[in-house]
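To start, the structure itself, in structure tokens.
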Amino acid sequence: MLRIALACLVASVAAIPVDNNVEGEPEIECGPTSITVNFNTRNAFEGHVYVKGLFDQQECRNDEGGRQVAGIELPFDTCNVARTRSLNPKGVFVSTTVVVSFHPQFVTKVDRAYRIQCFYMESDKTVSTQIEVSDLTTAFQTQVVPMPICKYEILNGGPTGEPVQFATIGQQVYHKWTCDSETIDTFCAVVHSCTVDDGNGDTVQILDENGCALDKFLLNNLEYPTDLMAGQEAHVYKYADRSQLFYQCQISITIKEPHSECARPQCGEPQGFGALRQNHTAQFFRVLKKRSVEFENVLDVRAELTALEVLDGDLPSLPSAQALIAQPTSFDTEAVCMSLHSMSVLIAFLAALMIVSVVVTYLCVRVKKFSP
Numbered sequence: 001m002l003r004i005a006l007a008c009l010v011a012s013v014a015a016i017p018v019d020n021n022v023e024g025e026p027e028i029e030c031g032p033t034s035i036t037v038n039f040n041t042r043n044a045f046e047g048h049v050y051v052k053g054l055f056d057q058q059e060c061r062n063d064e065g066g067r068q069v070a071g072i073e074l075p076f077d078t079c080n081v082a083r084t085r086s087l088n089p090k091g092v093f094v095s096t097t098v099v100v101s102f103h104p105q106f107v108t109k110v111d112r113a114y115r116i117q118c119f120y121m122e123s124d125k126t127v128s129t130q131i132e133v134s135d136l137t138t139a140f141q142t143q144v145v146p147m148p149i150c151k152y153e154i155l156n157g158g159p160t161g162e163p164v165q166f167a168t169i170g171q172q173v174y175h176k177w178t179c180d181s182e183t184i185d186t187f188c189a190v191v192h193s194c195t196v197d198d199g200n201g202d203t204v205q206i207l208d209e210n211g212c213a214l215d216k217f218l219l220n221n222l223e224y225p226t227d228l229m230a231g232q233e234a235h236v237y238k239y240a241d242r243s244q245l246f247y248q249c250q251i252s253i254t255i256k257e258p259h260s261e262c263a264r265p266q267c268g269e270p271q272g273f274g275a276l277r278q279n280h281t282a283q284f285f286r287v288l289k290k291r292s293v294e295f296e297n298v299l300d301v302r303a304e305l306t307a308l309e310v311l312d313g314d315l316p317s318l319p320s321a322q323a324l325i326a327q328p329t330s331f332d333t334e335a336v337c338m339s340l341h342s343m344s345v346l347i348a349f350l351a352a353l354m355i356v357s358v359v360v361t362y363l364c365v366r367v368k369k370f371s372p
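What follows is the structure in structure tokens.
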């Protein structure tokens, strides 16, 4: 009797990580014309430090190794270093994303990406003049009320969701602006002049200077549940060739009139595709439109989001919001993948073995039946 035995050999594959990593937090030096960032490493560094997305540009990459330190210096006018004007506090934010890669050719699980940001505050000039003071001094009693502290968050799903930094295209999120004040029923907040850009100068305005939406497909007119809160649901989108979205808005704080409601923007229904693309230089040196109010303090607020594409219905695994806030971006490559072609070949091979097994068994039964 002919017998055929099939055996499967299962191999366990364990990836060995690179024997190195970043020790502690990066050291950032905000210079007058450039940003310098250095990293201490556990062992001698043999990889690359480069600006995210610009590995192929030599001036945006540093390949020096052999020491337990790695770093790079980035002038303001190179390597897509982003500059954003702030009106309160008055100055300029300079930011970029730097990747530390420990393997000479590939990105591995021990590599890290850091969002680097420096703020350069403008000095205030004081102008004085000589005045005459009378013998009788008039005393004034003044109570100083602290201004509200405002922030801009992008939350998962709704106004009570967790902050998100990574999301898939089409995912529902909630844009939320809030201001915290030590006093009650004192201030009003209005969100306006909102833009989104890709960090490379492609800036699009989505809320005008009055706080009205320009494109209903990107962000609708805001709702104001309280005096110091605004929000609106939206769906995640992205630029055609970039995944990062940098949002910037302005919040105007005004004194609330006694026994009255806060004034809100009077906006019509926004149209589709109405967002305005802005010149980068014009956005960088933006001038605020004057408003007819006795007191107004304008604050700049920002939020960031990385949009991930969904291909063929596959949902990528997203890190939790808590992990994103507490840890720098990491690259995890401890996985074994099989392509569709390889899977098809394996299935065809197994099917052929099953057919051969059935045929051989059938022949054995026939031979045994007709043997004397």
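In my numbering, the protein residues as written are 1 to 372.
The C-beta atom is built at its ideal place from N, Cα and C for all residues, glycine as well.
*Pull up the distance between the alpha-carbon of Asp77 and that of Gln266, whole angstroms please.*
As a position in the sequence shown, residue 77 is number 77, starting the count at 1. As a position in the sequence shown, residue 266 is number 266, starting the count at 1. Rounded to whole angstroms, Asp77 to Gln266 spans 40 Å at the Cα level.
With distance defined between alpha-carbon atoms, name the residue in Pro163, Cys188 and Asn21 nearest to Ala230. The residue labelled residue 230 in the question sits at position 230 within the sequence shown. Selected option, being the one with the closest Cα: Cys188.
Task: Spatial distance of Leu305 from Val110 (CA atoms) - done: As a first step, residue 305 must be located in the sequence shown, where it is residue number 305. As a first step, residue 110 must be located in the sequence shown, where it is residue number 110. Computed Cα separation, rounded: 23 Å.
message: Closest to His235 by C-alpha separation, out of Gln278, Tyr174, Arg67 and Arg83, would be which residue?
response: Looking up residue 235 in the sequence shown gives position 235. Ranking Gln278, Tyr174, Arg67 and Arg83 by Cα distance to His235 puts Tyr174 first.
If the criterion is Cβ atoms closer than 8 Å, does the pair Leu155 and Val204 meet it?
Position 155 of the sequence shown, counting from 1, holds the residue named residue 155. Position 204 of the sequence shown, counting from 1, holds the residue named residue 204. No; because the gap between Cβ atoms is not below 8 Å, this pair is not in contact.
I need the boundaries of the beta strand (DSSP E) containing Gly170, first residue and last residue. Locating residue 170 in the sequence shown gives position 170, counting from the first residue. Element bounds for Gly170: n/a, residue is neither H nor E.
Check your understanding: For Val301, which residues of its own chain have a beta-carbon under 8 Å away from its beta-carbon, when the five flanking residues on both sides are left out?
Key -> Residue mapping note: residue 301 aligns to position 301 of the sequence shown, counting from 1. If the five residues before and after Val301 are omitted, its C-beta is found closer than 8 Å to the C-beta atoms of Cys150, Lys151, Tyr152, Trp177, Gln248, Cys249, Gln250 and Ile251, all from its own chain and listed in chain order.
*asked:* Taking the beta carbon of His259 as the centre, do at least 16 other beta carbons fall within 10 Å, making it buried, or is it exposed?
replied: On the sequence shown, residue 259 is found 259 positions in, with the first residue counted as 1. If you draw a 10 Å sphere on the C-beta of His259, you find fewer than 16 other C-beta atoms in it, and that means exposed.
Closest by C-alpha distance to Arg242, when choosing among Ala303, Glu309 and Asp208 = The residue given as residue 242 occupies position 242 in the sequence shown. Closest option to Arg242, Cα to Cα, is Glu309.
Item to complete: Run the CB neighbour count on Gln171, radius 10 Å, all protein chains shown included, and call it buried at 16 or more, exposed below.
Response: In the sequence shown, the residue the question calls residue 171 occupies position 171. Residue burial is scored here from C-beta neighbours: Gln171 has at least 16 other C-beta atoms within 10 angstroms and is therefore classed as buried.
Spatial neighbours of Glu27 in its chain, beta-carbon cut-off 6 Å, leaving aside the 5 residues before and after | For this step, residue 27 is matched to residue 27 along the sequence shown. Within the same chain, Glu27 has close Cβ partners Asn38.
Output the distance between the C-alpha atoms of Ala82 and Ala351, rounded to the nearest integer angstrom. Translated into the one-based positions of the sequence shown, residue 82 becomes position 82. Translated into the one-based positions of the sequence shown, residue 351 becomes position 351. For the pair Ala82 and Ala351, the Cα-to-Cα distance works out to about 56 Å.
Exercise for review: Decide if Asn20 is buried, meaning its Cβ has at least 16 other Cβ atoms within 10 Å, or exposed.
Suggested key: Looking up residue 20 in the sequence shown gives position 20. With 16 or more other CB atoms across the displayed protein chains lying within 10 angstroms of its CB, Asn20 is buried.
Judging by CA-CA distance, which residue of Phe55, Lys216 and Tyr50 is the nearest neighbour of Ile116?
One-based indexing of the sequence shown puts residue 116 at position 116. A check of alpha carbon separations from Ile116 across Phe55, Lys216 and Tyr50 identifies Tyr50 as the nearest.
- Message: Suppose you measure from the CA of Val164 to the CA of Glu223; what does that come to, to the nearest Å?
- Response: Here the question's residue 164 lines up with position 164 in the sequence shown. Here the question's residue 223 lines up with position 223 in the sequence shown. If you draw a straight line from the Cα of Val164 to the Cα of Glu223, it is about 20 Å long.
*Buried or exposed (CB count within 10 angstroms, at least 16 for buried), Ala303*: For the purposes of this step, residue 303 is taken as residue 303 along the sequence shown, with counting starting at 1. With 16 or more Cβ atoms within 10 Å of its Cβ, Ala303 is classed as buried.
Please classify Thr41 as buried or exposed, where buried requires at least 16 neighbouring CB atoms within 10 angstroms.
Your numbering for residue 41 matches position 41 in the sequence shown. Residue environment analysis places Thr41 among the buried positions, since at least 16 neighbouring C-beta atoms fall within 10 angstroms of its C-beta.
Quiz item: What do you get for Gln57, buried or exposed, if any count of 16 or more other CB atoms within 10 angstroms of its CB means buried?
Solution: For the purposes of this step, residue 57 is taken as residue 57 along the sequence shown, with counting starting at 1. Answer is exposed; the Cβ neighbour count stays below 16.
Discussion item. On the criterion of 16 or more Cβ atoms from any shown chain inside 10 Å, does Thr226 qualify as buried, or is it exposed?
Written reply: If you number the sequence shown from 1, residue 226 lands on position 226. By the neighbour-count rule (16 or more Cβ atoms within 10 Å), Thr226 is not buried but exposed.
Closer than 6 Å by C-beta to Asn220: which residues in its own chain qualify, once you throw out the five before and the five after it? Chain order, please. Here the question's residue 220 lines up with position 220 in the sequence shown. Excluding positions up to five away in sequence, the list reads Ala213 and Gln232.
Item checked: Endpoints, the beta strand (DSSP E) within which Tyr237 is located -> Taking the sequence shown and counting its residues from 1, one reaches residue 237 at position 237. For Tyr237, there is no enclosing beta strand (DSSP E), as DSSP marks it with neither H nor E.
**OP:** Go ahead and pull the three-state DSSP assignment for Gln57.
**Re:** Indexing the sequence shown from 1 puts residue 57 at position 57. The three-state secondary structure of Gln57, taken from DSSP, is coil.
How would you call Ala44, buried or exposed, if buried means at least 16 neighbouring beta carbons within 10 angstroms?
Reading the sequence shown from its first residue, position 44 is the one you call residue 44. The residue is exposed, with fewer than 16 neighbouring Cβ atoms inside 10 Å.
(Q) With the cut-off set at 8 Å, would you say Leu228 and Cys194 are in Cβ contact? (A) The residue labelled residue 228 in the question sits at position 228 within the sequence shown. The residue labelled residue 194 in the question sits at position 194 within the sequence shown. Between Leu228 and Cys194, the C-beta gap is not smaller than 8 Å, which leaves the two residues out of contact.
Taking the straight line between their C-alpha atoms, what separation do you get for Val22 and Ala113?
Within the sequence shown, residue 22 is the residue found at index 22, counting from 1. Within the sequence shown, residue 113 is the residue found at index 113, counting from 1. Distance between the alpha carbons of Val22 and Ala113: 11 Å.
Buried or exposed: Val360, going by 16 or more other Cβ atoms within 10 Å of its Cβ? By one-based count along the sequence shown, residue 360 stands at place 360. The residue is exposed, with fewer than 16 neighbouring Cβ atoms inside 10 Å.
Quiz prompt | Whether Val215 touches Gly272 by CB criterion (8 Å) | solution = Residue mapping note: residue 215 aligns to position 215 of the sequence shown, counting from 1. Residue mapping note: residue 272 aligns to position 272 of the sequence shown, counting from 1. The sequence as given places Asp at residue 215; Val does not occur at that position. In contact: Asp215 and Gly272 (Cβ atoms closer than 8 Å).
Requested in this report: Mark Asp197 as exposed unless 16 or more other C-beta atoms lie within 10 angstroms of its C-beta, in which case mark it buried.
Outcome: The residue given as residue 197 occupies position 197 in the sequence shown. So Asp197 ends up on the buried side.
Check your understanding: Looking only at its own chain, which residues have a Cβ that is under 7 Å from the Cβ of Asp63, when we skip the five neighbours before and after it?
Key -> Position 63 of the sequence shown, counted from the start, is the residue given in the question as residue 63. In its chain, beyond the 5 residues on either side, His48 have a beta carbon closer than 7 Å to the beta carbon of Asp63.
- Name the DSSP bridge partner or partners of Lys90? Here residue 90 is taken as the residue at index 90 of the sequence shown, counted from 1. According to DSSP, which records beta bridges pairwise, Lys90 is partnered with Leu87.
Taking just the CA atoms, how far does Phe349 sit from Ile355? The sequence position of residue 355 within the sequence shown is 355, counting from 1. The sequence position of residue 349 within the sequence shown is 349, counting from 1. Computed Cα separation, rounded: 10 Å.
By Cβ distance, which residues of its chain are closer than 8 Å to Asn200, with the 5 residues on each side in sequence left out?
Taking the first residue of the sequence shown as 1, we reach residue 200 at position 200. Contacts found: Asn80, Ala82 and Arg242.
**Prompt:** Once you ignore the five residues that flank Pro75 on each side, which residues in its own chain have a CB closer than 7 Å to its CB?
**Reply:** As a working mapping, residue 75 is identified with position 75 in the sequence shown. Excluding positions up to five away in sequence, the list reads Thr33 and Ser34.
Q.
Just list the residues that DSSP pairs Tyr120 with in beta bridges.
A. Here residue 120 corresponds to residue number 120 of the sequence shown, with the count starting at 1. Per DSSP, Val92.
Look up Leu214 in the DSSP assignment and say whether it is helix, strand or coil.
Position 214 of the sequence shown, counted from the start, is the residue given in the question as residue 214. Residue state for Leu214 is assigned as coil, using DSSP reduced to three classes.
Quick check on Phe166: buried or exposed, where buried means 16 or more other Cβ atoms within 10 Å of its Cβ?
For this step, residue 166 is matched to residue 166 along the sequence shown. For Phe166, the number of other beta carbons within 10 angstroms of its own is at least 16, and it is reported as buried.
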